[in-house]
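Participant: Order-wise, the sequence lines are chains Z and W. Going by my numbering, the first sequence opens with residue 435, and the numbers climb by one from there. Going by my numbering, the second sequence opens with residue 435, and the numbers climb by one from there. Think of the CB as a built atom: it goes at the ideal place given N, C-alpha and C, for glycine as much as any other residue.
Protein chains: 2
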Amino acid sequence: MRWLSYDVGVLTDQPRRRSSSKALAQPDLREIRVEQVLRALGDPVRLDIVRSLARSEQPMHCGAFGLAVSKSTSTHHFKVLRENGIIAQYEQGTARYSELRGADLEQRFPGLLAAVLAAAQEPGHPHRGT
Amino acid sequence: MRWLSYDVGVLTDQPRRRSSSKALAQPDLREIRVEQVLRALGDPVRLDIVRSLARSEQPMHCGAFGLAVSKSTSTHHFKVLRENGIIAQYEQGTARYSELRGADLEQRFPGLLAAVLAAAQEPGHPHRGT
DNA sequence: GTCGTAGTACGAAATCCATCGTACAAATAG
DNA sequence: CTATTTGTACGATGGATTTCGTACTACGAC
Numbered sequence: 435m436r437w438l439s440y441d442v443g444v445l446t447d448q449p450r451r452r453s454s455s456k457a458l459a460q461p462d463l464r465e466i467r468v469e470q471v472l473r474a475l476g477d478p479v480r481l482d483i484v485r486s487l488a489r490s491e492q493p494m495h496c497g498a499f500g501l502a503v504s505k506s507t508s509t510h511h512f513k514v515l516r517e518n519g520i521i522a523q524y525e526q527g528t529a530r531y532s533e534l535r536g537a538d539l540e541q542r543f544p545g546l547l548a549a550v551l552a553a554a555q556e557p558g559h560p561h562r563g564t
Numbered sequence: 435m436r437w438l439s440y441d442v443g444v445l446t447d448q449p450r451r452r453s454s455s456k457a458l459a460q461p462d463l464r465e466i467r468v469e470q471v472l473r474a475l476g477d478p479v480r481l482d483i484v485r486s487l488a489r490s491e492q493p494m495h496c497g498a499f500g501l502a503v504s505k506s507t508s509t510h511h512f513k514v515l516r517e518n519g520i521i522a523q524y525e526q527g528t529a530r531y532s533e534l535r536g537a538d539l540e541q542r543f544p545g546l547l548a549a550v551l552a553a554a555q556e557p558g559h560p561h562r563g564t
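Structure below.
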């Protein structure tokens, strides 16, 4: 797997703040596998993350999801999602932001993410907390 | 889980042969969970089964798939698919037939199966054998 | 500089999962 | 009846996966 990893702060000649924004390694579009995408989405915690990202339509930092698991477990799940091509992540300061690779997924597997998101809003989804 | 299990040979008053056809227990439409469907489809062997069923558009008996795993493993995968609402199975004689619950899935999660099947036909799917 | 925040990395534990072999059951063919 | 076919059930095994705690790093605020 030859993944792409680069520093956005280097590519943009004038970073807005003195902090650089660094994108994390992720698979190329062609390397995304269906089975892995399905398997990655088949976990309740990760599906929850994806739903939150789809709802916000904006990058979210990891702490903003309110996941009911520990920090290390969160890190693990975000990593799985990123390594399987579902989200992109970049660091900015102490925070790590995630966003859906919606366009990439749509190009690679048309309609798949939309169908999954629609399905994940069906009733019968127990939600912890309020 | 109150699954439905009945003997078709009892429901039809005149079975064609002396052998009855018995449907195996499967979850009700409302009980099918997205995460479980995704997880079930996230296995290469099971995705292969589903693709074969979609291609044939007819019930297939378990031996007709040419899976590269042992018989016990096949049984396991068919069971997972059935218990998660993706296929229906019925026994007839010594054979066990499987068919996609396409209409059920379409009703419960519109577009999902179609998107998965379309995605599973993308290039980059190594196929063992020929 | 120190402190707090945000998150990683590592290692461990528990559980799950895919796989198999063997033994078995049911139906059909002879 | 026996033999064959089709597939299950059980038990075991090895490898993933999920989860966590602890220690650590990097950044920003003060």
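1) Is the shortest distance between the beta-carbon of Thr564(Z) and the beta-carbons of chain W less than 8 Å?
2) For the stretch 458–527 of chain Z, list the alpha helix (DSSP H) runs that are entirely contained and at least 4 residues long, ordered along the chain.
3) What is the DSSP secondary structure of Arg530(Z), counted as helix, strand or coil?
4) Closer than 9 Å between beta carbons: that is the criterion. Which residues of the stretch 529–552 of chain Z meet it against chain W?
5) When you compare only the Cα positions, how much space is there between Tyr531(Z) and Gln492(Z)?
6) So, at 8 Å on beta carbons, what are the nonlocal neighbours of Leu551(W) in its own chain, with the 5 sequence-adjacent residues on each side left out?
7) Our contact map puts Gly519(W) next to Pro478(W) with C-beta atoms below 8 Å; I'd like the distance itself, whole angstroms only.
8) Would you please state the rounded distance, in angstroms, between the beta carbons of Ala522(W) and Arg542(W)? I believe it to be under 8 Å.
9) Count the other C-beta atoms from every protein chain shown that fall within 10 angstroms of the C-beta of Glu540(W), then say buried if there are 16 or more, exposed otherwise.
10) Suppose the cutoff is 6 Å on Cβ atoms and the five residues either side in sequence are ignored; what does the same chain contact list for Gln470(Z) look like?
11) Between Arg516(Z) and chain W, is there a C-beta pair that is closer than 8 Å?
12) Could you check where the alpha helix (DSSP H) with Arg535(Z) kicks off and where it finishes?
13) Pro449(W) to Thr528(W), Cα distance in whole Å?
14) Less than 8 Å between the beta carbons of Ala553(W) and Leu515(W), yes or no?
15) May I have the straight-line CA-CA distance separating Glu465(W) from Lys456(Z), to the nearest angstrom?
16) Using only the alpha-carbon positions, how far apart do Lys505(W) and Glu525(W) sit?
17) Using beta carbons (cut-off 8 Å, strictly below), is Leu472(W) in contact with chain Z?
18) With a threshold of 8 Å between beta carbons, is Leu458(W) in contact with chain Z?
19) Comparing C-alpha positions only, which one of Ala537(W), Ser508(W) and Gly545(W) sits nearest to His495(W)?
20) Pro572(Z) CB to nearest chain W CB: under 8 Å?
21) Using a Cβ-Cβ distance cut-off of 8 Å, determine whether Ala554(Z) contacts chain W.
22) Going by alpha carbons, who is nearest to Glu533(W) out of Ala549(W), Lys513(W), Pro544(W) and Leu546(W)?
Facilitator: Let me lay it out:
1) A caution first: Thr564(Z) carries a pLDDT of 37, below 50, which makes its placement in the model unreliable, though a value can still be read off. False, the Cβ-Cβ gap to chain W never drops below 8 Å.
2) Fully enclosed alpha helix (DSSP H) runs of 4 or longer: 468–475, 478–490 and 505–517.
3) Looking at Arg530(Z) - three-state DSSP - the assignment turns out to be strand.
4) Cβ contacts with chain W come from Arg542, Phe543, Pro544, Gly545, Leu546, Leu547, Ala548, Ala549, Val550 and Ala552.
5) Gln492(Z) has its alpha-carbon roughly 10 Å from the corresponding atom of Tyr531(Z).
6) These residues qualify, in order along the chain: Val484, Arg485 and Ala488.
7) About 20 Å separates the CB atoms of Gly519(W) and Pro478(W); that is not less than 8 Å, and the two are not in contact.
8) Not quite, the Cβ-Cβ distance comes to about 14 Å (not below 8 Å), so this is no contact.
9) So Glu540(W) ends up on the exposed side.
10) Cβ within range, chain order: Asn518.
11) Interface residue (Cβ-Cβ distance to chain W less than 8 Å): Arg516(Z) is not classified as such.
12) Membership of Arg535(Z) in any alpha helix (DSSP H) is not indicated, and neither H nor E is assigned to it by DSSP.
13) Summary for Pro449(W): the model assigns pLDDT 36, below 50, so the residue's position carries little reliability; its value from the coordinates is reported in the next sentence. Pro449(W) and Thr528(W) have their alpha carbons spaced roughly 16 Å apart.
14) It is not a contact, given that the beta carbons lie outside the stated cut-off.
15) Per the coordinates, the alpha-carbon of Glu465(W) lies some 43 Å from the alpha-carbon of Lys456(Z).
16) If you take the alpha carbons of Lys505(W) and Glu525(W), they lie about 16 Å apart.
17) Output row for Leu472(W): interface = yes.
18) No, no contact with chain Z.
19) Checking every option, the nearest Cα to that of His495(W) belongs to Ser508(W).
20) There is no way to answer for residue 572(Z), as the model of chain Z reaches only from 435 to 564.
21) Interface residue, yes.
22) Nearest of Ala549(W), Lys513(W), Pro544(W) and Leu546(W) to Glu533(W), Cα basis: Lys513(W).
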